[in-house]
Amino acid sequence: MVKPIFPIVDAPALLVNFSNKKIMCIADLHLGYEFLLAQKGVVIPSQVDETKARILDLIELTNPDDLIILGDIKHNIFNVPSSEWRGVTKLLEEISGKTRVQIVLGNHDANLNLLLPKNILVHSSKGFLIVDDDVKVGLIHGHAWPKPDLLQADYIIIGHNHPVIEMRDELGGKWFEPVWLEVQWSREKIVAPFAGDLGSRGAPFSSEDSKSALVQIGNPKVIVMPAFNPLLGGVALNRPEINFLGPILSSNFVEKSTAKVKLLDGTFLGSLENCSRLVKQDK
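My numbering numbers the first residue of the sequence shown as 3 and each following residue consecutively.
Structure follows, in structure tokens:
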């Protein structure tokens with residue numbers, strides 16, 4: 003099986019190259035985040051036009067058949083300012099005029115349907131599976147358990163965590179670099195809850211799902227996408243305590259000890275343990 007997934011160099015985006023189509027994925031736009039910053043005294047211009055331009059540049063560069071956005075299109079969950087309402091709609095109208103757009107709902111996407119053009123296909127927060135010959139790829143935002151059939155996949159692509167590496171210079175300056183995180187799913191670990199104690203977090207499927215899900219579970223690689231919005235914070239992978247978000251990464255069902263980390267330019271930083279040595283941590 004040939005790996006069909008290719009991160010786009012120097013961009014928080016990847017391509018899924020199937021035999022009959024090319025799919026571009028991005029995640030975590032968080033449009034309207036700058037309004038939250040303004041409430042805290044940090045005033046910056048609206049990022050809608052800049053975000054739209056970056057997406058259109060990537061579409062022109064890669065010419066995908068589909069653009070799939072893995073959730074958190076907008077930032078404000080309930081009270082959507084009119085400016086954000088107009089900005090989200092305008093952005094989606096323009097990019098959907100260039101390629102087919104699909105969206106997997108994220109935890110910030112309440113009432114998103116009110117903002118969407120009619121030509122955009124929306125998937126539930128449990129994600130969906132795309133298949134090409136013998137390769138299966140699951141797509142999900144990451145704040146909810148996936149549908150059972152996603153665990154048949156060879157790869158599961160998620161967002162939600164905004165993975166970053168904390169960097170420091172010799173003068174004590176600190177900044178964060180977005181990264182890709184690849185972690186292996188463990189079939190043995192996820193099968194165990196069905197056979198005995200469900201544990202404090204419970205099993206990822208309802209009892210009626212569990213028997214069929216158990217048969218379907220494979221060993222997918224989980225690829226965690228960096229956030230498309232560069233203003234966001236994220237989960238720093240080289241902190242002493244890594245608090246992953248969402249049930250997939252915060253469960254014991256993935257092999258975190260062997261996770262691989264790469265910068266957007268493709269630089270391989272090694273394992274999570276290696277990343278912890280990149281900076282001297284605060285006492």
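Glycine is no exception: its CB is placed at the ideal position from the N, C-alpha and C atoms.
Buried versus exposed call for residue i [16 or more other C-beta atoms within 10 Å across all chains shown]
| i | result |
| --- | --- |
| isoleucine 70 | buried |
| proline 242 | exposed |
| tryptophan 147 | buried |
| leucine 239 | buried |
| alanine 29 | buried |
| aspartate 111 | buried |
| asparagine 254 | exposed |
Straight-line Cα distance separating residue j from residue i
| i | j | result |
| --- | --- | --- |
| glycine 144 | glycine 175 | 32 Å |
| isoleucine 57 | isoleucine 132 | 22 Å |
| glycine 129 | aspartate 171 | 40 Å |
| phenylalanine 20 | arginine 88 | 34 Å |
| proline 165 | glycine 272 | 14 Å |
| isoleucine 61 | lysine 100 | 8 Å |
| cysteine 27 | alanine 15 | 6 Å |
| aspartate 156 | valine 237 | 25 Å |
| lysine 24 | serine 84 | 35 Å |
| alanine 13 | histidine 125 | 24 Å |
| methionine 169 | leucine 265 | 12 Å |
| arginine 102 | proline 66 | 9 Å |
Span of the beta strand (DSSP E) around residue i
| i | result |
| --- | --- |
| aspartate 19 | Sequence inspection shows asparagine at residue 19; the aspartate mentioned does not correspond to that position. Run containing asparagine 19: 16–19, per the beta strand (DSSP E) assignment. |
| phenylalanine 130 | 130–134 |
Residue from the options with nearest C-alpha to residue i
| i | options | result |
| --- | --- | --- |
| isoleucine 167 | Leu72, Ala29 and Ala229 | Ala229 |
| glutamate 275 | Glu257, Gly268 and Tyr157 | Glu257 |
| leucine 39 | Leu72, Asn78 and Asp74 | Asn78 |
| proline 249 | Val263, Gly34, Val224 and Leu234 | Val224 |
Continuous alpha helix (DSSP H) stretch holding residue i: start and end
| i | result |
| --- | --- |
| proline 249 | 249–252 |
| arginine 170 | Looking at the DSSP string, arginine 170 is not in any alpha helix (DSSP H); the run it does join, the beta strand (DSSP E), is 166–170. |
| alanine 55 | 50–64 |
| alanine 40 | 35–41 |
| glutamate 275 | 274–277 |
Take every Cβ of the stretch 43–57, pair it with every Cβ of the stretch 157–164, and state whether three or more of those distances are shorter than 8 Å. No contact exists between the stretch 43–57 and the stretch 157–164.
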